[in-house]
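Note that this note's numbering has the sequence shown beginning at 32, numbered continuously upward.
Beta carbons are placed, not taken as given, at the ideal position from N, Cα and C, and that holds for glycine.
Only a predicted model underlies this, so the values are computations on that prediction, with no experimental measurement involved.
Only one structure is covered here, and it is reproduced in the block below.
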Amino acid sequence: MELVDALGEIADDNQSTNVCMFPESKLLEVSLANLSRISIIWNTIVEKFMNGCKSSSSEVRHYCCSALTALVAAGMKLNDPEMEKMFISPLASLTSLSTEDVRMKQVACVTSLLQSSGDTIKQSWGVILGIIGAAAETPSDQVIRSGFQALQLLIADYLPALADMDLPLVVVVVCKFGLQHVDINISLTAIGLLWTMADFMYQNKERITLSLKGQSLSPLSNDILQNLPAAVKPCLIPPFLKTLSNSTLPPMDRIWLLLFGCLGDMCIDDRGAVRKSASQTLFSTVTAHGTQLDHTSWKVVLWMVLFPLLDLVHQRTVAASTSSLGESYLIHYTRNTAQKQWVETE
């Protein structure tokens, strides 16, 4: 412990003067050599590397972030359920940092963990989903794309491994990527992932229903989407976040309603291609899986999704511009203004 404290003090001085990475490299060596009893010095080690990740020096940030993610990866390979959350929590702390290089390493580490240790993760899926979802909030197209690749991997390979309580969080994280405006292809693919989620829920309805019996799903709160840019704030989803703790509705129905609400918000996206794809997916999903809902839940679908959606589309149609989209767009005259495209959606 004295050695770690001494190296930590040298590291603090080093990070301000940017002399060399000697103390940081020795902190990493000591940590890796003592993984079996790392809990004794874990907080100190993480604090020193986190300070380095906040440095104004790109070299210091790069090394400290690489060291921290390497330490997390090594710790996760121990397959110790009691230490799992301790090892992965520093990754979540990196979300508070805005530098692109740090966020890229954070998401890359999550992807690596999914590839190498995804089968052994038990208690940290919520933390991982939070990290992936936070990637959709950044202005960096590289971070968003990397985060979405991690999400695709998680849904493709590990959806059955998640606790059923985490399914609403998966739906909301997918929705975050659908609402982002950096890459339209990600938005369109995210809509397809919601269809995948619907298919998974349908195929596993009996197990999920039994697992969620008596659950309030309250861990999913209204502030999940609070960090999204104002331009893409959802209109329909917030009410459904409240219904997750509504004990009068079956737990499975609450997840279906949240999914419908997410698709509904994408139906009023400013981008015509996203609106069209989301509309088709929403009504296909309601048609294919609406029989899963009870009578009360169907009322919620009508009065909290479909009718408000029609009203919102009409409002956007009336307010849309009637100016031509320009000669550079090879668009038929029936769709060459924003208003005409909204009329098509309506």
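Would you give the residue range spanned by the alpha helix (DSSP H) that residue i belongs to?
{"i": "methionine 81", "result": "73-84"}
{"i": "glutamine 311", "result": "303-320"}
{"i": "threonine 100", "result": "89-107"}
{"i": "serine 242", "result": "236-243"}
Just confirm the distance between the C-beta atoms of residue i and residue j, as a whole number of angstroms; I'd bet it's less than 8 Å.
{"i": "proline 112", "j": "glutamine 154", "result": "6 Å"}
{"i": "leucine 225", "j": "valine 202", "result": "7 Å"}
{"i": "alanine 221", "j": "phenylalanine 231", "result": "Their Cβ separation, rounded to whole angstroms, is 15 Å, which puts alanine 221 and phenylalanine 231 out of contact at 8 Å."}
{"i": "leucine 280", "j": "threonine 327", "result": "6 Å"}
{"i": "alanine 123", "j": "valine 158", "result": "5 Å"}
{"i": "glutamine 183", "j": "threonine 142", "result": "Actually they do not touch by this definition, with Cβ atoms about 10 Å apart."}
{"i": "glutamine 137", "j": "isoleucine 162", "result": "7 Å"}
{"i": "glycine 178", "j": "alanine 187", "result": "Going by Cβ atoms, the distance from glycine 178 to alanine 187 rounds to 15 Å, so no, they are not a contact pair."}
{"i": "leucine 125", "j": "cysteine 95", "result": "In fact, because the Cβ distance is near 11 Å, the residues do not count as touching under 8 Å."}
{"i": "cysteine 298", "j": "cysteine 206", "result": "Actually they are not in contact, since the Cβ atoms of cysteine 298 and cysteine 206 sit about 12 Å apart, beyond 8 Å."}
{"i": "methionine 117", "j": "serine 70", "result": "7 Å"}
{"i": "leucine 160", "j": "aspartate 132", "result": "Not a contact, Cβ separation roughly 23 Å."}
Mapping DSSP to helix, strand and coil, what is residue i?
{"i": "tryptophan 334", "result": "helix"}
{"i": "aspartate 132", "result": "helix"}
{"i": "isoleucine 152", "result": "coil"}
{"i": "leucine 288", "result": "helix"}
{"i": "alanine 262", "result": "A caution first: alanine 262 carries a pLDDT of 44, below 50, which makes its placement in the model unreliable, though a value can still be read off. Alanine 262 falls in the helix class under three-state DSSP."}
{"i": "leucine 122", "result": "helix"}
{"i": "threonine 281", "result": "It should be pointed out that residue 281 corresponds to proline in this sequence rather than to threonine. The answer is coil: DSSP assigns proline 281 none of H, G, I, E or B."}
{"i": "serine 252", "result": "Confidence at serine 252 is low in this model, with a pLDDT of 42, below 50, so its placement is unreliable and no value can be given for it."}
{"i": "aspartate 296", "result": "helix"}
{"i": "aspartate 325", "result": "coil"}
{"i": "aspartate 230", "result": "helix"}
{"i": "aspartate 342", "result": "helix"}
List in chain order: all unbroken alpha helix (DSSP H) runs of 4+ residues lying wholly within the stretch 160-221. Complete alpha helix (DSSP H) runs here, min 4: 172-189 and 198-210.
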